[in-house]
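Inspection log for the structure reproduced underneath, given as structure tokens.
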Amino acid sequence: MKIMLMTDLEGVAGVLNFKEWCSPGAAYYTKAKRLLTEEANACIDGFFAAGATEVRVVDGHGPGAVDPELLDERATLQRGAATPVWPFTLDETFDAYACVGQHAKSRTPWSHITHTGSFSTYEMSVNGISIGEFGEMAFAAAELGVPVIFAAGEEAFAREAEALAHGVVTVSVKKGCNSEDGLDEVSAEVYGNSKLSAIHLSPVKARQLLREGARMALEKLRREPESFSMPAITAPYEIKTRLRKIEADPNAPKVLYRRHASSYIKALNAPYEKE
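Residue 46 is where the sequence shown starts when you use the working numbering, and the numbers rise one by one after that.
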């Protein structure tokens, strides 16, 4: 069975904040990449234990976060924008979609390093359904007929995934300690520094849970494929992104749209339109 494993960095156990851990040149960026790669390896091991024949790891963190030299040799790695960008080479030949290292969407209480794409996003929705980065790809997978079977990261994200993707198996590796109280009106700059407290599992324990969760997810798919589903959305497709104020650019747009008459994936790739 052929699996796509999407990765992100902010939802990894041991990754403490954005400034020091999540961007090139940051004090702990190399360590963060190792932590993510080992979490991905745990998932890869679990998938192969359950009968996977191919796992494609997609480095989904903006500046990159998977260390190729540390990646399980059984997996392949995709990095860089494909053509088209969305859905990162996912197609009908895949048997399942999964993700690891994921953070919750913007405006999620008790989440960690919370954002959707960037800290400037206030809220994103497709045809009125609120989504984060996970939802963007999950609906693309649904359009292609690829089941979303596994989602791992912080606890608030796990609950987000369970609420959107029916049947998905989740693993939580840390829990945010900050509410959303008083944050709806703050700027992108302030929001990016407002959700930085969390309780983390040991990376070793996190990997044990990830390995077992990935194995269980693929075994569930093989046993009861009908148990996985996504909410139905129908054409035309409108992806709406509401933005926070940006202190450095007071004239920045407040709302952006991407639209397509017949395809959600084509809407993802459509140019942004201002309100």
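Glycine included, every Cβ here is placed at the ideal spot set by N, Cα and C.
Can you tell me whether DSSP reads residue i as helix, strand or coil?
i: residue 110; result: coil
i: residue 67; result: coil
i: residue 179; result: helix
i: residue 83; result: helix
i: residue 74; result: helix
i: residue 271; result: helix
i: residue 92; result: helix
i: residue 322; result: With the chain covering 46 to 320 only, the question about residue 322 has no answer from this structure.
i: residue 266; result: helix
i: residue 278; result: coil
i: residue 39; result: Not covered by the structure: residue 39. The range shown for the chain is 46 to 320.
i: residue 202; result: helix
i: residue 291; result: coil
i: residue 311; result: helix
i: residue 135; result: coil
i: residue 225; result: coil
i: residue 122; result: strand
How many Å lie between residue i and residue j at the Cα?
i: residue 100; j: residue 93; result: 8 Å
i: residue 158; j: residue 303; result: 25 Å
i: residue 85; j: residue 116; result: 8 Å
i: residue 212; j: residue 266; result: 9 Å
i: residue 118; j: residue 69; result: 25 Å
i: residue 174; j: residue 315; result: 19 Å
i: residue 239; j: residue 60; result: 15 Å
i: residue 203; j: residue 254; result: 13 Å
i: residue 293; j: residue 268; result: 53 Å
Starting from the C-beta of residue i, find all residues in its chain whose C-beta is less than 8 Å away, skip the five residues before and the five after it, and write them out in chain order.
i: residue 220; result: 155, 157, 199, 200, 201, 243, 244
i: residue 287; result: 166, 167, 168, 169, 299, 300
i: residue 289; result: 164, 165, 166, 167, 231, 232, 233, 236
i: residue 247; result: 58
Using a threshold of 9 Å, state whether the C-beta atoms of residue i and residue j are closer than that.
i: residue 307; j: residue 281; result: yes
i: residue 320; j: residue 301; result: yes
i: residue 103; j: residue 133; result: yes
i: residue 146; j: residue 57; result: yes
i: residue 291; j: residue 205; result: no
i: residue 127; j: residue 193; result: no
i: residue 310; j: residue 189; result: yes
i: residue 197; j: residue 274; result: no
i: residue 98; j: residue 46; result: yes
i: residue 76; j: residue 110; result: no
i: residue 191; j: residue 264; result: no
Could you name the residues of the same chain whose beta carbon sits closer than 6 Å to that of residue i, not counting the 5 residues immediately before and after it, in chain order?
i: residue 241; result: 62
i: residue 318; result: 302
i: residue 195; result: 143, 214, 259, 262
i: residue 180; result: 209
i: residue 177; result: 150, 161
Nearer than 8 Å: is that true of the beta carbon of residue i relative to any heavy atom of the ligand SAM?
i: residue 53; result: This structure lacks the ligand SAM; in fact it carries no ligand of any kind.
Leaving out five residues before and five after residue i in sequence, what residues of the same chain have Cβ atoms less than 7 Å from its Cβ?
i: residue 108; result: 68, 69
i: residue 297; result: 288, 291
i: residue 252; result: 83, 84, 87
i: residue 71; result: 64, 65
When you compare the segment 163-176 with the segment 140-154, are there three or more beta-carbon pairs, one atom per stretch, that lie closer than 8 Å? yes
Pair every Cβ in the segment 172-189 with every Cβ in the segment 107-125, then say whether three or more of these pairs are closer than 8 Å. no
Between the segment 252-272 and the segment 76-91, can you find at least three pairs of beta-carbon atoms closer than 8 Å? yes
Is the segment 222-238 in contact with the segment 46-56, if contact means three or more CB pairs nearer than 8 Å? no
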